[in-house]
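**Student:** Take a look at this one; I'll ask things after.
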């Protein structure tokens with residue numbers, strides 16, 4: 005069964021460093037998303053991406069964040085200058101023409 | 090504004106007992122409603138979804154949920170809890186905003202006692 009994959013599973017970085025989180029969505033899906041979950045809190049929407057552009061973003065997704073689909077398979081989330089409060093689990097998701105999103109296993113980002 | 094409220098951050102049941110996890114939503118348009126399950130240190134797994142075809146929706150692992158428009162509820166149930174059901178459960182509403190944006194409830198952690 006096709007699934008969304010994410011790498012790395014755990015990323016540790018120093019405050020102020022740039023990180024790139026990678027995702028491989030399900031191959032025939034057209035919509036891509038990033039969510040985050042701070043430890044002990046709910047899952048929060050960050051951004052949705054369709055047709056090579058952002059279709060919607062939340063107030064969390066400020067200028068420090070960017071997304072890209074650099075090739076036909078990967079979907080990345082970049083955080084330019086990480087802050088302590090960026091520590092969270094980041095989930096990638098994808099969907100086809102339907103409403104159902106399929107989530108990856110997540111990348112745990114720890115900012116020291 | 091659309092929102093999802095899950096009543097009870099923690100629910101504890103005995104093995105074999107009924108599981109009832111409550112979810113209420115607010116949405117200005119007909120909602121797409123979902124339940125996801127998250128096992129420790131894992132991602133989000135889709136349990137079931139409501140997309141207006143039927144008000145009673147059956148999902149995986151013996152779970153089901155009933156959509157009640159008059160109560161704006163989408164409660165999750167399972168007749169008999171199993172130890173393996175212990176996990177965090179999230180109710181969510183997905184909005185068609187050009188893409189599909191999902192808003193999650195705060196989650197309910199289910200404990201199952203032997």
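Residue numbers (my numbering), protein chains in the order written: chain A, 5 to 116; chain B, 90 to 203.
Cβ coordinates follow ideal geometry from the N, Cα and C atoms, glycine included.
Nothing here was measured: the structure is a model prediction, and the numbers come from that model.
Closest to residue 80 of chain A by CA distance: which of A:98, A:89 and A:105 is it?
**Tutor:** Translated into the one-based positions of the first chain, residue 80 of chain A becomes position 76. Measuring from the Cα of residue 80 of chain A, the nearest candidate turns out to be A:98.
**Student:** Just to confirm my understanding: we take residue 135 of chain B, look at its own chain, exclude 5 residues before and 5 after, and list those with CB closer than 7 Å. What are they?
**Tutor:** Locating residue 135 of chain B in the second chain gives position 46, counting from the first residue. Excluding positions up to five away in sequence, the list reads 123 and 125.
**Student:** Give the residues of chain B in contact with residue 103 of chain A, contact being defined as C-beta atoms less than 8 Å apart.
**Tutor:** Stepping through the first chain from its first residue, residue 103 of chain A is reached at position 99. Those are 121, 138, 140, 183, 185 and 189, listed as they occur along chain B.
**Student:** Residue 148 of chain B touches chain A at which residues, Cβ-Cβ below 7 Å?
**Tutor:** In the second chain, the residue the question calls residue 148 of chain B occupies position 59. Neighbours of residue 148 of chain B on chain A: none; closest Cβ ~12 Å, over 7 Å.
**Student:** Tell me which same chain residues have a C-beta within less than 6 Å of the C-beta of residue 140 of chain B, skipping the five on either side of it?
**Tutor:** Residue 140 of chain B sits at position 51 when you count from the first residue of the second chain. Around residue 140 of chain B: 121.
**Student:** What does DSSP give as the partner residues of residue 113 of chain B in its beta bridges?
**Tutor:** Counting from 1 along the second chain, the entry for residue 113 of chain B is found at position 24. The partner list for residue 113 of chain B (beta bridge, DSSP) reads B:94 and B:162.
**Student:** What do you get for residue 52 of chain A, buried or exposed, if any count of 16 or more other CB atoms within 10 angstroms of its CB means buried?
**Tutor:** Residue numbering aside, residue 52 of chain A sits at position 48 when the first chain is read from its first letter. Counting Cβ neighbours within 10 Å, residue 52 of chain A comes out buried, since at least 16 surround it.
**Student:** Residue 22 of chain A by DSSP, collapsed to three states: which one?
**Tutor:** Translated into positions along the first chain, residue 22 of chain A becomes position 18. Three-state DSSP puts residue 22 of chain A in coil, outside helix and strand.
**Student:** Looking at chain D, which residues of the stretch 65 to 99 of chain A have a Cβ within less than 9 Å of any of its Cβ atoms?
**Tutor:** Judged by its chain identifiers, the structure shown contains no chain D, and its protein chains are A and B.
**Student:** Can you list, in chain order, the residues of its chain whose CB lies under 6 Å from that of residue 101 of chain B, leaving out five sequence neighbours each side?
**Tutor:** Sequence index remark: in the second chain, residue 101 of chain B carries index 12 (1-based). Cβ within range, chain order: 200.
**Student:** Taking the CB atoms as reference points, tell me whether residue 193 of chain B and residue 105 of chain A lie closer together than 9 Å.
**Tutor:** As a first step, residue 193 of chain B must be located in the second chain, where it is residue number 104. As a first step, residue 105 of chain A must be located in the first chain, where it is residue number 101. Not a contact, by the Cβ cut-off of 9 Å.
**Student:** Considering only their Cβ atoms, is the gap separating residue 105 of chain B from residue 170 of chain B smaller than 9 Å?
**Tutor:** What you label residue 170 of chain B is simply residue 81 of the second chain in a count that begins at 1. What you label residue 105 of chain B is simply residue 16 of the second chain in a count that begins at 1. For residue 170 of chain B and residue 105 of chain B, yes; Cβs fall inside 9 Å.
**Student:** What residues of chain B sit near residue 109 of chain A, judged by a beta carbon separation below 7 Å?
**Tutor:** Within the first chain, residue 109 of chain A is the residue found at index 105, counting from 1. Here the neighbours are 131 and 132.
**Student:** For residue 177 of chain B, is the classification buried or exposed, using 16 other Cβ atoms within 10 angstroms of its Cβ as the cut-off for buried?
**Tutor:** In the second chain, residue 177 of chain B corresponds to position 88, counting from 1. When all chains shown are included, residue 177 of chain B counts as buried.
**Student:** Give a yes or no on whether the minimum CB-CB distance between residue 195 of chain B and chain A is below 9 Å.
**Tutor:** Here the question's residue 195 of chain B lines up with position 106 in the second chain. Cβ-Cβ to chain A under 9 Å: yes for residue 195 of chain B.
**Student:** To the nearest angstrom, how far is it from the Cα of residue 184 of chain B to the Cα of residue 191 of chain B?
**Tutor:** Within the second chain, residue 184 of chain B is the residue found at index 95, counting from 1. Within the second chain, residue 191 of chain B is the residue found at index 102, counting from 1. Their backbone Cα atoms lie some 6 Å apart in a straight line.
**Student:** Taking all protein chains shown into account, decide if residue 138 of chain B is buried (16 or more other Cβ within 10 angstroms of its Cβ) or exposed.
**Tutor:** Residue mapping note: residue 138 of chain B aligns to position 49 of the second chain, counting from 1. Under this definition residue 138 of chain B is a buried residue.
**Student:** Could you tell me which chain B residues have their CB closer than 9 Å to the CB of residue 31 of chain A, listed as they occur along the chain?
**Tutor:** As a working note, residue 31 of chain A is residue 27 in the first chain. The contacting residues do not exist; residue 31 of chain A stays about 18 Å from chain B at best.
**Student:** With a threshold of 9 Å between beta-carbons, can residue 28 of chain A be considered close to chain B, or not?
**Tutor:** Residue 28 of chain A sits at position 24 when you count from the first residue of the first chain. Residue 28 of chain A does not count as touching chain B.
**Student:** Give the interface partners of residue 63 of chain A over in chain B, defined as CB-CB distance under 8 Å, in chain order.
**Tutor:** The sequence position of residue 63 of chain A within the first chain is 59, counting from 1. Neighbours of residue 63 of chain A on chain B: none; closest Cβ ~13 Å, over 8 Å.
**Student:** Where does residue 89 of chain A fall in DSSP's three states?
**Tutor:** Here residue 89 of chain A corresponds to residue number 85 of the first chain, with the count starting at 1. If DSSP states are grouped into helix, strand and coil, residue 89 of chain A belongs with the helices.
**Student:** Locate the beta strand (DSSP E) running through residue 81 of chain A, then write down its first and last residues.
**Tutor:** Residue 81 of chain A sits at position 77 when you count from the first residue of the first chain. Note, residue 81 of chain A: beta strand (DSSP E), 79 to 83.
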